[in-house]
Structures are given as C-alpha cells and as structure tokens.
Amino acid sequence: MVLRVISEGNEKAKWERDKMPSALDLRIDAVTAAMTAEGGPAALTAYRQYGRDLPMVAAAPPTLPAYFDQFCTAYAEREFIVAGDERLTFAQIHAASRQVAHALAGGWGVKKGDRIGIAMRNAPGWIVLYMGILMAGGCATLLNGWWQGHELAAGIDAVEAKLIFADPQRAARIAESGQHSPAHVVTLDISLPLADAIAPVLAAGGADAALPDLTGDDLATILFTSGSTGLAKGAVSNHRQVVQGTYSYLVQTMMMLQIATQEGLVGANPPLPCMLFSVPLFHVTGEVPMMLVSFAIGRKLVMMPKWDVVEAMQLIEKEKITSFTGVPLMSFEIVTHPDRHKYDLSTLQGLLGGGAPRPVEHVKRITEEMPHSPPGIGYGLTETNGVGAGNFMSNYQEKPNSTGRASAPLVEIAILDDAGQPVPQGQRGEICIRTVAVFSGYWNNPEASAACMTEDGFFRTGDIGYLDEDKYVFIVDRKKDIIIRGGENISCQEVEAALYEHPAVAEACVFGLPDERFGELVGAVVSLHAGQSISESDLIAFTKPRLPVFAPPHRVWFHDGPLPRLGTEKIDKVSLRKLYREIYAKEAGAAG
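Under this note's numbering, the first residue of the sequence shown carries the number -3, and numbering increases by one thereafter.
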C-alpha cells in the first residue's frame, strides 16, 4: 500500500491510500459473513425494534445469569481471577456468586428490578457481587469508584437504589457526605480473601431462597455516563442489550483469531488467553469487552488495582499476559519505558486502547518497537454497551487517525445532521450508532432519553466526525465542545494532536476561552515529559504550521505532573476548563 497525506485547505490532513478496501478489510468481511451465516457459530436472527429488524446473534443466551451458567460450566476448572496471592477458578467464582444471589433474594429481600449498587475498587468480590445481583434479579448499579462522597450519594439517590455494597473507602465517603439516603450501605472489606470478603452478605441467610426467572427484557444494569461533559446520568440496559453487546465483541474476537491463525501469527497450541486488568469495572470497557467477554473465551483476568507501568510489565512477564486494554497512554508508557527490555513481554498479542484518541505518532512507534503486539483502537459508549467501531492490525497502521469501521455484524454507524438526516459522504456531522445493544434510556430522565435517540433507532453519540469513502470513522470533536472563533469551528482534538507532535509534550487538553471580540479563543493546558522544558511562545509557534491560521492556542498553561483524570482514566476536561477559565479571567482583570 502507498500512503500519502492530502492537504485540503483548512481541513485536517487526511491519510489516503491508493487501493481500498484493504486486503484485510476483505478478509474481515469474508470471515464475518461465514461466521454469521446460517449454521455458523454466530448465526444471526432478527429483533424487531424501531419499526425495523435489527440483527442479533441467535446463539447468545437470553440473560446474563444464563450466560454465566453456560461458560462457568464450560471452563469450570480453569483459572479465572488472579488478585495478588489469590487465584480463583471459574467454578469458584460461579459458586460464590450463587451463594450471594440466594442471600440477596432471601435474607436481603431483593426483588426483580431492585437497584443494587456496587461502590468499590476492582477485586474478585466486585465480580461476584455483580453476578450475584443479576442472578437474584436485581439491577447491578455500577457506581463510579472515583466519585467523591456527595457524588456517590447523588448517584444512589438518582436511581433510588435499595442496597449498596461498598468497600471501606467508598463507604466512608458516602457517610462523610452528610447526605442521607434510604439505601442501606453494607461495608465489605474486599482486601480479604473472597470467602471472608462476602461473609457479611451471606450472614443475612436465605441460602434456600428461590431465584427468579428472567427474560431479555428484564432490567440488568445501570452505568453512569463518565461526567466528562456534565452531570452523570444513569444509563439503563436490559439483559438482551448487555448480552448482545458482549457477543458483538465476541464475534470480533473470533474473527481476528481466525485471521491471525491463518496468517501464522498464532501457533497450533497458543497460550491460554490472559488479560491484564487495569480498567475500572464500573466503566463499560471494564464491564463488557474485558470482564464479560472473558467468560465466553475462558480468559484469565489478572487484576492490578492501580496503574503502574513497572508493575504492569512485571505481571505481563510473570502471568504470560496475552492481551492488554487501557487508555492509549497506558500502552505508550509500556513501549517508551526505559526498562522495557528488562522484561519478557513476548506473550503480548496486542495493545488495545479506547476512551481517548491515540496520537498518530504513538501508533507508528508502537508498531515499530513492538511488532508482535500491534496496537488497536476501539470506539464505543456507555449507552451502546461499549460497542461501536474498531481499527486494528494493518488497517490501523494505514489509517492511524481513524477509530475504524462499524463493528460487524451488529453495528450500523451513520453521520447525521441535527434533523437526523444523513450528511453527504465525507462531510462532518454527528456520529450515530444503531444496534440491538443500545441502552433503554436514562433512569428517570425521559427528556434526555428522547433527545439522544432518532425515531429510527440511532443513538446520538454527541461526537462530531465523518465517514471516509471506506466507511472508516474519523472523530473530530464533541458536538458541544467545539471552539467557535469568529464563526470558524476549531476541533479541540485537532489542536491537541498538534501539541502532541512536540516531543516535550506528554499530555494536552484544549478548550475554549471566552473573548469579547471573537466569541472564543483557544486555550490549552499541557503536561511536559520529565526533564523537558519549552516556553509558551515557542510551543504556540510550533503549532502554527500544523493548524489552520485561526486555530493555534491563544494561551498555554503548563501543569505540574500528569493532568487530572476521571475514573475512566480520561483527562478531566471539565475541571481543567473551569480552573483555567477562572485563571484567564483573573489575568485579564489584572491586565485591565
């Protein structure tokens, strides 16, 4: 393939290839078509919704408890969870979950649809509680473990939760908030071995309580939007939506494994799948593509409660980790760490990322330095149960600034205008996703639920982007986060990408600054690599040839240390924007 960069006036430079679709695209399409055809392992059926038939995988169990039962039986004796010195099999996790389910249904009086919250860091007990709540017919309500006490209390009240299981740290935050809720908070010390950690749950009795019959329409989960664009909302999904979201990832996984096997990238006796788990379980990435998919492929999860690049490399070597998923910065830290060559990372088969764009230069460097662990990127949202698009292997190397094509066969992506109509190919609009895995709506918020859906079933992501001629998705910015300077739209991600090209810049966050003349000006806050320095004027000058004339930053601030992050590991743009707008206003006042 011949790669060249095409400059189109003020438009972002685009990668274009001399021949598309790629050979890999054609293979992906052929393998997926065979897998989903009648008689295939992922044969499709239809689910009627929004006045049309949406594809879904026919062989998927109807509910999450049925899914757990099927695959915990299939992989009963295989190791499932490694957390410090504790090692637990699928059978042990399943048995503990059933104990919790009976106790919830009996001793705790949990009824079908009751919202039962989990507020704790990653641990075996988190997964057991999640499974047990669902088996008991409850709705697993995943509270953001990074929230402060008042935020936890607000989330609990918003969904009218009945019962909350919290580790000591989160329980203390809730208590210190001073906000009182009808929900009963049960503190569990998840640092203990699993049996001891869940003992307070089982102490309520009810071991013989009957568990309810469930269907795909029953309430399953509530996840909270990340809060990167405002107040968090509770995104509600039923069992069908979560299971089908999981199977969307499974089809992708099976397809890529088949292609890798045909290419000789995977031997006849490949190592058992093993994932380094460093993403919070309360985030949709941790819940669906990492945890839930692991049941169906018998994948071992090695938990690392807090991200540390050296510990990550140690665990990859010790546990023979085959896959890693995190925000793109995590994999880049592995590749660029000066001690990387001291560790055997040869079992890694890929470095996947999501939740934030990966700079093009990072894609190139990972590909060059760790060719046995090619980078990949995924795009999905809480409201879509994590599914959307993906870009991997040679396709990612050839279109590194794209998040890929819609994930076949369950996902359809369209670029729509404000009226819900498709825009011409190549033009910018709102990225919209239609799939059976899209959520049911926001809890007790019919206005927001209606606003985010089109009449024909597309979820409005709030992301602005376009589809190229090969149907690859290019994300430009957030719909409500575009800087409008004198009538010209400026992409925050575009400015961030220009800043990232400077070798001294480790992290960048771009936002609008109020201005009486232009409406808005471009502001940026950056964190530099250790030992690096550059002046504000020099960094702004560096971006000018890389951006349209109206887009370089007007002001750049330098932040000591890493930029603050949300629980999902995304940069906390809301807080940074608020802080530096206040600083900017004070500077303007002093100058006046």
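Don't be surprised by glycine CBs; every beta carbon is placed ideally from N, CA and C.
- Under DSSP, residue 45 takes part in a beta bridge, and its partners are 48.
- Positions of the alpha helix (DSSP H) runs, each at least 4 residues long and wholly inside the segment 315 to 397, are given as 324 to 332, 356 to 365, 389 to 394 in order along the chain.
- The residue from 134, 132, 319, 165 with its alpha-carbon nearest to that of residue 148 is 165.
- As the crow flies, the alpha-carbon of residue 216 is around 26 angstroms from that of residue 349.
- Remark: C-beta atoms of residue 497 and residue 523 do not approach each other more closely than 7 angstroms.
- For residue 232, the enclosing beta strand (DSSP E) begins and ends at 230 to 234.
- Residue ranges of uninterrupted beta strand (DSSP E) with 3 or more members, entirely inside the segment 502 to 543 and ordered along the chain, are 515 to 524.
- Contact annotation: residue 402 and residue 408 have beta-carbon atoms nearer than 7 angstroms.
- Here residue 361 has 328, 331, 332 as same chain residues with Cβ atoms under 8 angstroms from its own Cβ, once five neighbours each way along the sequence are excluded.
- As summarised for the segment 142 to 205, the continuous alpha helix (DSSP H) elements at least 4 residues long and confined to that stretch are 145 to 154, 164 to 172, 190 to 193, 195 to 198, given in chain order.
- Within a 10 Å sphere around the beta-carbon of residue 274 sit 16 or more other beta-carbons, which makes this residue buried.
- Its Cα nearest to that of residue 548, the residue 494 stands out among 294, 556, 494, 500.
- The Cβ atoms of residue 459 and residue 411 do not sit closer than 7 angstroms to each other.
- The shortest C-alpha to C-alpha distance from residue 187 to any of 176, 90, 557, 119 is the one to 119.
- Residue burial is scored here from C-beta neighbours: residue 167 has at least 16 other C-beta atoms within 10 angstroms and is therefore classed as buried.
- Taking all protein chains in view, the Cβ of residue 133 is crowded by 16 or more other Cβ atoms within 10 Å, so the residue is classified as buried.
- Under the three-state reduction of DSSP, residue 111 is assigned to strand.
- For residue 449, DSSP records a beta bridge to 455.
- Under the 10 Å beta carbon count, residue 248 is surrounded by 16 or more other beta carbons and is classified as buried.
- The segment 507 to 526 and the segment 537 to 553 touch, with three or more beta-carbon pairs separated by less than 8 angstroms.
- In the structure shown, residue 298 falls within a strand segment according to DSSP collapsed to helix, strand and coil.
- With contacts defined by Cβ atoms closer than 7 angstroms, residue 239 and residue 63 form a contacting pair.
- Rounded to whole angstroms, the separation of the alpha carbons of residue 323 and residue 36 is 33 angstroms.
- Per DSSP, reduced to three states, the secondary structure at residue 22 is helical.
- Boundaries around residue 65 are those of the alpha helix (DSSP H), 60 to 70, since no beta strand (DSSP E) includes it.
- For residue 291, the enclosing alpha helix (DSSP H) covers residues 289 to 293.
- Here residue 532 has 552 as same chain residues with Cβ atoms under 7 angstroms from its own Cβ, once five neighbours each way along the sequence are excluded.
- DSSP places residue 271 in no alpha helix (DSSP H) but in the uninterrupted beta strand (DSSP E) bounded by 270 to 273.
- For residue 78, the enclosing beta strand (DSSP E) begins and ends at 75 to 79.
- Under the three-state reduction of DSSP, residue 497 is assigned to coil, being neither helix nor strand.
- Secondary structure at residue 461: strand, using DSSP grouped into helix, strand and coil.
- With contacts defined as CB atoms closer than 7 angstroms, residue 399 and residue 471 qualify as a contacting pair.
- Contact annotation, residue 315 with residue 340: C-beta distance approximately 11 angstroms; criterion of less than 8 angstroms not satisfied.
- With three or more CB-CB distances shorter than 8 angstroms, the segment 101 to 113 counts as touching the segment 203 to 214.
- Per the C-alpha coordinates, the member of 501, 506, 380, 422 positioned closest to residue 453 is 380.
- The DSSP-derived three-state label of residue 567 is strand.
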